[in-house]
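Here's the structure we're looking at; comments come further down.
Residue numbers (UniProt numbering): 1 to 1027.
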């Protein structure tokens, strides 16, 4: 346990650390951080293209010999239980087997190694030495070993990864190689390195890149990546590597093995190339082992350490109870925060120490590690590097950079960048260098005092698991986690902590999908920005529709039904008025797919005759047929008998519905008279109602703009006064987004309370069945109530739509923006303003208002794509002919208008075909979604609502909607959480276009959404007629 003076010292130490960071330092760090983020935005999308590279798996390990530690192999060879020859042959076969995938071998000596193994076996057959004597004198007798390509092995490749030295061979062994040979080890090969060991990725112009054995699309790390990949692949059991800035530990992390960076000067470094002359190099550079099994670390260190006193200490037993433990997570501002799984791994180790040994691990602090590490790395003198690109001036370096860009330089980009940085560093004032040096000395003293001879620091090796090639350029600052211990001369061991669910070592969270999707979003929005301004130039004049002249068209469905029941109006008069209005405006908005005007007029006449003859009474109708004689419209994807039923798909042209869908049947039984079926997007797949069969539906407020989708035909008709009540469907906002664009009300009910049978497209998948809902669109909230009572009338769990809601008892959460990648989903000021007005009004009425926790909407896109990966909706439709199965090519064709599919549908299918998320990650995201759903429902309960944007800005141009697909996250949240949501129009903005918000409540609390919508309609006016 810690003594009081230890705790006091720790507190003083932390205080001291904080004081050392000046405001100037912090400013520099933030500027550098910004530059790294900028580099990441440029580099990452291109690096992620390697995702499409075919992933190759290593073959299964066939020989049991490959699964033993070096210590165990040596022991069995000494005991003659196994022969050295069979061990070496097993490793040679494995090297030949895996190298085509990982590309780690530079030069091999397999035949010589087998010959040496046979000599070992012959020696053992005749020697009189005991096992104990052999263990002491030849601890690695007969054990195969591999060596990093920068460490000299006589007669083997010794190029430093430089193209100009491709034929160079070592004339003698490095000291450490000679040491392991004398210990009985058999050298198999030398492995790949980056050029001059100057990068954290193992790649050069002679051999190429070494790949990660767990995923050959990703890097093995560097500069000892060849060794780590071989050891992890079971193609080597023990390795000699080097480390100047994390070059042992970094690849050990990425490949899931153990790597040890010894204390400075503990292991002889003669025979390594490149090599340095100055004290900074000798303090920072070390040679150390990479192994698969932790017990082999102490074995190797006993052999290669040049101090007899130190060697003897590796046999000492360490009592865990006598140790002091410190832990560290994040270092300084410029570094990325460590991934959650790395944090959890550190937490797991800390908790194990505290619970198993009763010891407490204290958090340490190291906020100025980055500048210390980088200064030392740039200040060291390494002749091989200096001679490669002269630093006397900038002209040659810039020339080499230009040549590198055009792929004609003999040097790789990391070497050139390092040379540029060294040139810049040479111009630094000595005052700055001296200040950093003082920090370094102080930090080392702090560590020595803090750790003493019984202290352990547990900290991240790096911030994440392995990633794609070239991403290191934007992540190099994170190598501070590694470099700082080289600079301080402290020993450090990377400990493998297993695999994550994506099969990568250390169990860190992967972000491939999020970054790639974010890149696609940014790209689409960038193109969309250009397209938008071109459209403004071309379509500079606002175009509207004829105003509503017949006052009857401004009555609600509830009022019309009452007047028809009471005989104040005839159904025929109402139907004729709506038919006239449809004929008047459809030329402008293009919302009607197919009408049934003659049938509707006949049905209206029958209604009137029944009332006139007394066959039905007003009292009976108000209960049994609340929509008696009222004309309505139906989205074309909802089955209405004998009417078009294509789902907007060219491949279903001419298909008619053979029967009414359940929801349509409920409305008809309630007395409603369907007038028509309205336009939708292809297979309801877009936020713009456009397809090749019926064209695009236009916004009645401005015909240049979209009416939204996929229920845009319904919303345009209702807003134009050409329908009073419509039935739409909503999978990802397809009721609410059109309602937003056209300034009307739209309600997405709780999942399962309105039947979806008769909708096309459809899927038997349970996720689809819950995410897809059918619901009403109307100009007035009263009509939503009326329609929901009808649509929910046959549900096993009826809603309490008549239950009163007291605004004073409401708990109101609100969000006016979702904080995500680069602010691409930023909400416009007018939408933010109406959310503020709504929440302020409810607050004045006595409701308790608070900001929504951001984590409610975290991971929305990955959750959404995970859910869609599990839905076979498109596979149950005639989405593509066999000859069109190349979805990437088909999407490209759709963009230039040469495909049979709309760009939106082709894009969605391409995203699903790519399958960004593995099945295990999909399960994780679904678990996150389910847990979040519980949290939200518990927070909202039976008196809570969430107010948030339906869409972040006014309706865009019709062609723009494809580029703005990310914005459906505001609505899709309610779909995949199975929550009810009502869009509420809040008037027009300065451009004369509707804006609004959505009100979300807990599942089965639809009446609360509608009650709040009614309250806001009363205060802010609701629907405003287009003119």
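C-beta: ideal position from N, C-alpha, C; glycine also.
Measure the beta-carbon distance from residue i to residue j and round it to whole angstroms, keeping in mind my assumption that it falls under 8 Å.
i	j	result
residue 700	residue 589	6 Å
residue 259	residue 290	5 Å
residue 711	residue 728	3 Å
residue 504	residue 215	6 Å
residue 1019	residue 841	6 Å
residue 375	residue 436	4 Å
Sort out for me which residues DSSP pairs residue i with in a bridge.
i	result
residue 369	Answer is none; residue 369 lacks a bridge partner.
residue 982	747, 999
residue 151	272
residue 988	994
residue 289	240
residue 851	814
residue 890	Bridge partners of residue 890: none, in fact.
residue 494	259
residue 457	326
residue 633	726
residue 381	Answer is none; residue 381 lacks a bridge partner.
residue 144	186
residue 468	218
Can you look up residue i in the DSSP assignment and give me helix, strand or coil?
i	result
residue 327	strand
residue 614	coil
residue 108	strand
residue 652	helix
residue 736	helix
residue 281	helix
residue 550	coil
residue 190	strand
residue 130	coil
residue 726	strand
residue 677	strand
residue 647	coil
residue 22	Confidence in residue 22 is poor, its pLDDT being 43 and thus under 50, which makes the residue's placement too unreliable to answer from.
residue 704	strand
residue 592	strand
residue 863	helix
residue 764	coil
residue 688	coil
residue 1027	coil
residue 638	strand
residue 795	coil
Could you check if residue i is buried or exposed, using at least 16 other CB atoms within 10 Å of its CB as the buried criterion?
i	result
residue 697	buried
residue 168	exposed
residue 296	buried
residue 690	buried
residue 150	buried
residue 566	exposed
residue 126	exposed
residue 400	buried
residue 27	The predicted position of residue 27 is uncertain, since its pLDDT is 49 and thus under 50; a value taken from the coordinates is nonetheless stated next. Looking at its Cβ environment, which holds fewer than 16 other Cβ atoms inside 10 Å, residue 27 is exposed.
residue 115	exposed
residue 653	exposed
residue 322	exposed
residue 759	buried
residue 847	buried
residue 547	exposed
Taking 8 Å as the threshold (C-beta atoms), are residue j and residue i in contact?
i	j	result
residue 586	residue 962	no
residue 715	residue 708	yes
residue 801	residue 1006	yes
residue 777	residue 746	yes
residue 189	residue 107	yes
residue 664	residue 594	no
residue 775	residue 730	yes
residue 683	residue 968	no
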